[in-house]
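In what follows, a single structure is set out as structure tokens and then discussed.
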Amino acid sequence: MLRKISATFVAMSAVLTGFSQDSATVVSPKLTVTGSVDAYYRFNFNNTKDLRDDAGNRSFYNNATSFTNSHNSFELGMASVKFDYNTGKVGVVADLGFGRRAEEFSYNESGTLAAVKQAYLTYSASDKLKFTFGKFGTHVGYELLDPQLNRNYSMSYMFSYGPFFHTGLKADITISDNFGFMVGVANPTDYLSASFEKKFILAQVHAMFAEGKVATYLNYVGGEDIAGIKSNQIDAVITGKVSDKFSLGYNGTIKLTDYNDQSDSWFGSALYINVDPTPKFGLTLRGEYFDDKDNIAGVGDQIIATTLSFNIKPASNLIIMPEFRLDSAKDPYFIKNSGEGTKSSASFLLAAIVSF
11 MLRKISATFV AMSAVLTGFS QDSATVVSPK LTVTGSVDAY YRFNFNNTKD LRDDAGNRSF
71 YNNATSFTNS HNSFELGMAS VKFDYNTGKV GVVADLGFGR RAEEFSYNES GTLAAVKQAY
131 LTYSASDKLK FTFGKFGTHV GYELLDPQLN RNYSMSYMFS YGPFFHTGLK ADITISDNFG
191 FMVGVANPTD YLSASFEKKF ILAQVHAMFA EGKVATYLNY VGGEDIAGIK SNQIDAVITG
251 KVSDKFSLGY NGTIKLTDYN DQSDSWFGSA LYINVDPTPK FGLTLRGEYF DDKDNIAGVG
311 DQIIATTLSF NIKPASNLII MPEFRLDSAK DPYFIKNSGE GTKSSASFLL AAIVSF
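Its first residue numbered 11, the sequence shown is counted upward by one per residue in the numbering used here.
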């Protein structure tokens, strides 16, 4: 399979490079440094302060999504710094993160490798063909790792149980200003190193409409992981800008698995409503449905999660984000302080994010 993939990349490079070399321009080398620091406080109203696990620890947070697994505690999210060096044709990115968010993102790694959010090099063979080689964030989904790039602080179920990153080689092909696609090959999802393992296929088709106000992305990732489970995930993202004060986002995804002749799946769907009355104040309402009745993701239930986040910007580069979240399950998935199961869990969260 790798020979076929390699041949495809070589052929694609030869064809696309040939018809667009004349557009090459000289660009002065440039180093850009960006970063962020975020912290948060979360309180879950089920308040399971009296419950202990088998080891005698308090560990019932009523939280099944990434990066906010705490209760009645002030927490560091992540301190992050990104170095981006670009010469026009060649680029290098080193994106480092420290804290729980970064550790959960690189959950298969330890030590210094857990701090590497992304590390990759790029080569633009032409203005229509760009190669990326290394560890890079996934193309799947609507939400991103860095909190300043999201309108909600807590994460969706789809983000939490979808891929986080890929380590491999991909090619981005631009057909026009409004249409392009990506193909790639990578290690099994979320693995920095995977010797002797089969590889995953990555793909994306994206198109712009209505003078760039509507963007659509159709994403794919599939292969056989290190446990021998075959999977195919198909994902769609649509964003639409109605005005400077109102925009919408949609994400829908389904993951199909096959192991020992048994086929299972999970799927989710979310709508994001963004309202910005002023440049210093906005709000986002996220409504998500997540179905893991086959228990592939480990949730084993059907959940509706509603999240209302306020984006307050009192100063340049500072976002203060109060957030209210209600998760409702079909079955008693969550837990009360009494130890009794319950179908719902409500939380309040306050986050602060500084980016530069």
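Note that CB positions come from ideal geometry on N, CA and C, so glycine has one too.
Note that this is a predicted model, so its numbers are computed, not measured.
Grab me the residues of residue 145's own chain with a C-beta within less than 7 Å of its C-beta, minus the 5 sequence neighbours each way, in chain order.
126, 128, 129, 130, 175, 177, 202
Rounded to the nearest angstrom, what separates residue 81 and residue 94 at their Cα positions?
Going by the C-alpha atoms only, they are around 36 Å apart.
Using only the alpha-carbon positions, how far apart do residue 101 and residue 343 sit?
46 Å
On the CB-based measure, 16 or more other CB atoms within 10 Å of its CB, does residue 67 come out buried or exposed?
exposed
Count the C-beta pairs between the segment 246 to 261 and the segment 218 to 231 that are closer than 8 Å, then say yes if the count reaches three, no if not.
yes
Does DSSP put residue 203 in a helix, a strand or coil?
DSSP, read as helix, strand or coil, puts residue 203 in coil.
With distances taken Cα to Cα, identify the nearest neighbour of residue 169 among 83, 323, 299.
299
Could you tell me how far apart the beta carbons of residue 383 and residue 161 are, in whole angstroms, since I believe they sit closer than 8 Å?
Only positions 11 to 366 of the chain appear in the structure, and residue 383 is not among them; the question remains open.
In its own chain, which residues sit with a C-beta less than 7 Å from the C-beta of residue 242, not counting the 5 before and 5 after it?
232, 266
Contact defined as beta carbons within less than 8 Å: I believe residue 263 pairs with residue 194. What is the distance between those atoms, to the nearest angstrom?
With a Cβ gap of about 18 Å, residue 263 and residue 194 do not count as contacting.
Quick one, which of 314, 148, 159, 143 has its alpha-carbon nearest residue 328's?
159
Note down, one range per segment and in chain order, each alpha helix (DSSP H) of at least 4 residues found wholly within the segment 126 to 152.
none
Taking just the CA atoms, how far does residue 289 sit from residue 133?
37 Å
With DSSP collapsed to three states, give me the class of residue 121.
In the structure shown, residue 121 sits in a helix (DSSP, three-state: H, G or I).
Please report the distance separating the alpha-carbon of residue 270 from that of residue 304.
15 Å
Along the beta strand (DSSP E) that carries residue 246, what are the first and last residues, could you check?
240 to 253
Tell me the DSSP secondary structure of residue 296 in three-state form.
strand
Under DSSP, the beta strand (DSSP E) around residue 170 begins and ends at which residues?
Not the beta strand (DSSP E): residue 170 falls in the alpha helix (DSSP H), residues 167 to 171.
Which first and last residues belong to the alpha helix (DSSP H) in which residue 114 is found?
110 to 115
Tell me which residue opens and which closes the beta strand (DSSP E) that residue 225 is part of.
224 to 234
Can you list the beta strand (DSSP E) stretches of 3 or more residues lying completely in the segment 269 to 295, in chain order?
If we require 3 residues or more, the beta strand (DSSP E) runs fully inside the segment 269 to 295 come out as 272 to 288.
Can you have a look at residue 237 and say buried or exposed, based on whether 16 or more other CB atoms are within 10 angstroms of its CB?
exposed
Quick check on DSSP: helix, strand or coil for residue 32?
Confidence at residue 32 is low in this model, with a pLDDT of 45, below 50, so its placement is unreliable and the value that follows should be read with caution. In the three-state scheme derived from DSSP, where H, G and I count as helix and E and B as strand, residue 32 is classed as helix.
For the ligand MG, is there a heavy atom less than 7 Å away from the beta-carbon of residue 228?
Of the ligands one can find in the structure shown there are none, so the ligand MG has no counterpart to examine.
For a test of the three-state rule: what should DSSP assign to residue 106, helix, strand or coil?
strand
Quick check: residue 333 and residue 163, are their CB atoms within less than 8 Å of each other?
yes
Output needed for residue 33: all residues of its chain with C-beta closer than 7 Å, excluding positions within five of it in sequence on either side, in chain order.
Unreliable placement is indicated for residue 33, whose pLDDT of 45 sits below 50; the coordinate value is still reported in the next sentence. Within the same chain, residue 33 has close Cβ partners 136, 137.
Roughly how many angstroms separate the alpha carbons of residue 53 and residue 218, rounded to a whole number?
40 Å
Looking only at DSSP bridge pairs, what is residue 341 linked to?
The secondary-structure analysis by DSSP pairs residue 341 with nothing; it has no beta-bridge partner.
So, helix, strand or coil for residue 332, using DSSP?
Strand at residue 332.
From the DSSP output, which residues share a beta bridge with residue 91?
45, 106
Helix, strand or coil: which one does DSSP assign to residue 378?
Residue 378 falls outside the range modelled here, since the chain spans only 11 to 366, and no answer is possible.
What did DSSP end up calling residue 86 once you bin it into helix, strand or coil?
For residue 86, the secondary structure class from DSSP, reduced to helix, strand or coil, is strand.
Would a C-beta distance cut-off of 8 Å place residue 310 and residue 302 closer than the cut-off?
Yes. Within cutoff.
Please go through the same chain and pick out, in chain order, the residues whose beta-carbon is closer than 6 Å to the beta-carbon of residue 297, but skip the five residues on each side of it.
The residues 281, 316, in chain order, have a CB closer than 6 Å to that of residue 297 in the same chain once the five nearest residues on each side in sequence are set aside.
Quick check on residue 90: buried or exposed, where buried means 16 or more other Cβ atoms within 10 Å of its Cβ?
buried
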